[in-house]
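See below for the structure under consideration.
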Amino acid sequence: MTDKPVIIDSSTDARFGHLSVQNVSKVYDPLGAHVEALDDCSLEIPAGEFIAVVGPSGCGKSTLLNILAGFDNLTAGQVLIDGEKLATIDHPPRPGSDRVVVFQNGALFPWKTVLQNVVYGLVVQNRFPESEANEMGMELLARSGNLDRIAGSYPSQLSSGMQRRVEILRALINNPRILLLDEPFRAMDTVSKTTMHRYLLEIYDQYHKTVFFITHDLDEAIFLADTVVVMTTRPGTIKLRLDVDLPRPRTRETMLSQRFLELKQQAVSAVHEEAKKAFERGERELA
Amino acid sequence: MAEPQQKSQQDLKGHISIQNLGLSYEDKDGSAVSVIENCSVEFDPGLLNVVMGKSGCGKSTLAYLIAGYLKADQGLIAIDGRAVTKPGADRIMVFQETALWPWMTVTENVIFGPLVRNAFSRAEATSKAEELLERFGLLDFGNKYPGQLSGGMKRRAEIAQALINSPDIMVLDEPFRGLDVMTRELLQEYYLQLFEETRLSTLFITSELEEALFLADRIYVMTEAPNNIEQVIEIDLPRPRSYEVTTTQQYLELKQVAMEYLYAGSEEYL
Amino acid sequence: MWKLFTQQKFMLMWLGFMITILSWYAAVKWLPISSFQRLPDPLTVVIEWFNTDPDYGLSVFTRDYYLHIWYSTYRATTSFILAVILGVPLGILMGWRVKVNDYASALLSILRPIPPLAWVPVAILIFPGSEPAVIFVTFLVAFFATTMNTLLGVKSINSDYFKAAQCLGARPKDILRDIIIPGALPSIFTGLQIAMGAAWFSLVAGEMIAAQYGLGFMILESYNLVQYPTIIIMMITLGIVGYISSAIIRLVGNHLMRWREQSMGLSLT
Amino acid sequence: MSAGSESRPLPSRPSRWRHLNWRGAVSVITFFVLWHLAVVLEFAGFAELPTPVQTMSIFVTEYLTSIDYWNSWLVSFERVFYGFIIAQLLGIPLGLLFGTSPRFRNMFFPVFELLRPIPPLAWVPISILFWPTNESSIVFITFIGAFFVIVINVYDGVGNIQKEHMWLARSLGASRMAIFRRIMLPSVIPSIAVGMTLGIAITWNVVIAAEMIASDSGLGRLTWEGYVSSTPEVVLIGMISIGLAGYLSSITVDMIERRMMPWQEKS
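Protein chains in written order, with our numbering: chain A, 21 to 307; chain B, 49 to 318; chain C, 1308 to 1576; chain D, 9 to 275.
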């Protein structure tokens, strides 16, 4: 990763991507089932920070991501991005290429080749003519682990690790202020997962985008993030906030360091407690 | 299995010995693709043996061979000295995809084995089943259909379905894959507790390193090229184990060793 | 090992055909049951079919044989194309806009239970002459199949694709072009194959009831004219033409959806 | 879940009472209004057709109480019933045989596949020729309508049985017979249900046309005679009755399916 790509500015003092979530609550179907998903969540994410949100299933992590991405609106509180209003009760958020989501089960368009997927954002916003966009796409693919060799293949021909990399590049090429990752490495085995961790960290170290990373896996959260936030079961709120002061760049040794262990000890009981509550409630609901 | 008790050392059942096992298949254009190559390994009885490897390295095929569903091209599998020729109730498998029969209620699923082998009368089998379901916290789900259960509950019902036949070996093929990490951790603890009470010989297959370390007495690392088992790692973490063990120094060192073996073959970095 | 397997399979297939034809021949020739004896035996059928001057004027070498095929194919194709032109866009619109779905689905659900062939009499009344009536009924069958499957296709598209496209700045018309149409394509082509089968299905009835030319008409006509071998010839021709037309659709589908074909080729791990 | 970008991605509709699809009601009403206008304004071809109101009144006054009308319902239902039941009795075992025995499949499945594309109604002349009575020839046609579709669905069903279900039963020591009866059959029931649903729809289609071509009774005949005797209201009444009869049989088949698969509907 030598020269900087022309369109993705990664000035170290990342001016963009400061996210401030202020007392956000979310209730689904208020008149009917009245399901409380988020209850008075507040979170400050400085620009260029890598934040990981950990919590049991049903703790509102994805609901928060949906609000930040603009797919759903909040029922109380507000969210600002770099000072501007992103979401308030009467100003519903709209999806945009400044906050791109990488989905849990992958959402590469199966009928488009890898290159067509990567440049889709630029082309559809007609920021660049197709030929120029393709050039940029090939350059980015080449520079990120010479993926230009698979530019012409279809997603169904790639391993899940490869698909995830292409999806991250598809988001990155739009020079977003925030990368929103929804448990992207969930179904991967250990070897591919570790490889993807290295890939994501490398992209983060180079382009320094703000990253909002959702996961169930505490080890993954501490290993990747600057801040780890543990959420309670439904209705989700912030239970614990952990500042991870592990040095960057993070390597396999970091995972085995004493400091990593201490950080894990601080959070593991909180996470486990919420998991037990979620597990029991799950059982009761089904009974 | 009225009340699980500690088995004495000598009469421990479930010793699996595999000698230069080989299996390959012919793909479309006729060239042979090997799934298991000349694999020789011993799994001692009364232990929680974990087979770990990347997805697609033939772990499940090894389990199918031991369970008797597939026939090997060459080599031999023997359990407590008897060669494996066909499936049997002495080694029951819990599959990656849940295999509970959706058209039978949970209780019917559990008593199917004993009844079909007419090992017990229906009344006896039902009472044994209720005992097991109660132990697994599923008693009031007995007459529900599998479709109405959560992922975690289906897994526990499957383990009960296997245990009622008091098998010599439990074969579990990535049973907790796809469950969210929280349910997965709780189910791991669940099985550990069961294992530590009964010392039932277990062959546990996984592609998750943390899961392997937390459960195993021994980890057998399966590699992709050639597909067989070369490394065995002793996991002498104390028993009974609980999730606190994952924050101890000894755990981290063992993880370091396992990572070396895992990455030995495939330096997969771009 | 694989090659041996196919040879054996091939052998068994031929054995199956032989047994069927021989038992047909035996039943007609030797079985003392009158209803079998009334049937034409396979030999006369084949002789008639490949005869340069057939007794009943219809064989592979006569012009009329191809004329009937042409009429039926023309009718089936016209109604099929009409069904595609109207059905696919309507199915997509119904899947894309809730409002359109509300309007159309209620209407379709009260018209659909009426078996398409029940429309023949009313179609003959409304349309001038029998030709448009037959085409209308055949169109109707194909139209329902195409619309329903296209709608199913749009509904079964993974919702993450819509969200991903919106994230990347796609506007509604981009989503239609880049997500809905390609995403629904596989199910559209399933619908087209069902529509083609249904088209032939109701074309035969339409031709039998209200047409002067075509395979369906000829099958009934040769019964009235006591030309029994020709019935069988026309029935098998109908089967072959029907099979070819859905095979063509499959080919077009596979070509258009190359991205899917690749995924089929994944090796067994 | 609609895919429109302007509607919320979350699938839940606002609330229960608004569920009534008023737009659907509007479109149905416009359909009948257009029909009425087409007749009144004598659009091309619509001139001699009766308006919806007239059709309804003729139906109530002359047909609702007439024995012959309900008799044609009975005749059509009988033909559909016998053809459909025989198709299931022969089709399901044949589908299972194709699915389970490779030798039988390799031998006779190509023959089956050659006959399948032939539309059921193409069999009418041969059926009349072969079967002694007119009635049995029509039942044969309805049988053909439902037969091919049930065999194909059962055959696919056997193909999609989850291998783990079979393997586990073998591990537990189940005999071949026990596996067939308690594992294979139940897992094929959903495909049988699909085959029956499609089959009943096809049989109604087929019986109508067969009656128009080769019978002197039944709803199909009633409709055709409406055309021949140029009493268009009878044609419309016949059509609506056929639609209703088809709908009723689909519902009954649906109910039977739900009872066959208790585990399905509770999940």
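Note that CB positions come from ideal geometry on N, CA and C, so glycine has one too.
Cross-chain neighbours of C/Gln1473 in chain A, by beta carbon under 8 Å: Gly90, Phe91 and Pro115
Bounding residues of the beta strand (DSSP E) (the contiguous stretch that carries A/Asp202): Ile198 to Asp202
Contact belief for D/Arg229 with D/Glu219 at Cβ below 8 Å, rounded distance in angstroms: 5 Å
Boundaries of the alpha helix (DSSP H) in which D/Glu219 is found, first to last residue: Leu193 to Ala222
Per-residue contacts from B/Glu258 into chain A (C-beta, under 9 Å): Thr210, Asp237 and Asp239
Contact the region 253 to 268 of chain B vs the region 96 to 113 of chain B: 3+ CB pairs below 8 Å: yes
Amino acids of chain A, ordered along the chain, whose beta-carbon sits closer than 7 Å to that of B/Val229: His236 and Asp237
Closer than 8 Å to chain D by CB, C/Phe1508: yes
Proximity test, Cβ basis, 8 Å: B/Gly226 and chain A: yes
Cβ pair B/Asn68, B/Gln122 closer than 8 Å: yes
Where D/Arg229 falls: helix, strand or coil (DSSP): helix
Per-residue DSSP class, three states only, for A/Arg184: helix
DSSP three-state assignment for A/Thr22, whether helix, strand or coil: At A/Thr22 the pLDDT is 37, less than 50, meaning the model places this residue with poor confidence and gives no usable figure here.
Rounded distance between the beta-carbons of A/His38 and A/Ala67, thought under 8 Å: 4 Å
Per-residue burial, A/Asp237 [other beta carbons within 10 Å of its own, 16 or more giving buried]: buried
Supposed close pair D/Val83, D/Ser225 - CB separation, criterion 8 Å: 5 Å
Own chain residues within Cβ distance below 6 Å of C/Phe1343, not counting five before or after: Ala1334 and Val1335
DSSP-derived helix/strand/coil call for A/Ala53: coil
Length of the line joining the Cα atoms of D/Glu56 and C/Phe1434: 12 Å
Inter-residue spacing [alpha-carbon to alpha-carbon] between B/Leu318 and B/Arg139: Reliability fails at B/Leu318, whose pLDDT of 35 lies under 50, so the model's placement of it is uncertain and the value that follows must be treated cautiously. Going from the Cα of B/Leu318 to the Cα of B/Arg139 covers about 41 Å.
Contact the region 195 to 202 of chain A vs the region 116 to 124 of chain A: 3+ CB pairs below 8 Å: yes
Collapsed DSSP secondary structure at C/Cys1474 in the structure displayed: helix
Exposed unless 16 or more other CB atoms sit within 10 angstroms - verdict on A/Arg261: exposed
Pairwise C-alpha distance: A/Met156 and A/Asp118: 18 Å
Inter-residue Cα distance where the pair is A/Leu142 and A/Arg190: 10 Å
For C/Thr1453 and D/Ser35, the rounded distance between their alpha carbons: 21 Å
Nearest-angstrom Cα separation, counted from D/Ala217 out to C/Ser1341: 27 Å
Cβ of D/Ile264 within 8 Å of any chain C Cβ: no
6 Å Cβ shell around C/Leu1459 - same chain, five flanking residues per side excluded: Ser1494
Proximal residues to C/Ala1518 (C-beta, below 7 Å), its chain only, five neighbours per side dropped: Ser1437, Val1441 and Phe1524
Chain C contact for A/Gly7 (CB, 8 Å cutoff): This structure does not reach residue 7 of chain A, given that chain A is present from 21 up to 307, and the question cannot be answered.
CB-CB length for C/Lys1470 against A/Pro115, believed under 8 Å: 7 Å
Members of the region 176 to 190 of chain D near chain B, C-beta cut-off 7 Å: Leu176, Arg178, Ser179, Leu180, Gly181, Ala182 and Ala186
Whole-angstrom C-beta distance between A/Gly90 and A/Ala57, which should lie under 8 Å: Contact doesn't hold; Cβ gap of about 17 Å is too wide.
Neighbouring residues, chain A, relative to B/Lys102 (Cβ below 7 Å): Asp209 and Val211
Collapsed DSSP secondary structure at C/Phe1387 in the structure displayed: helix
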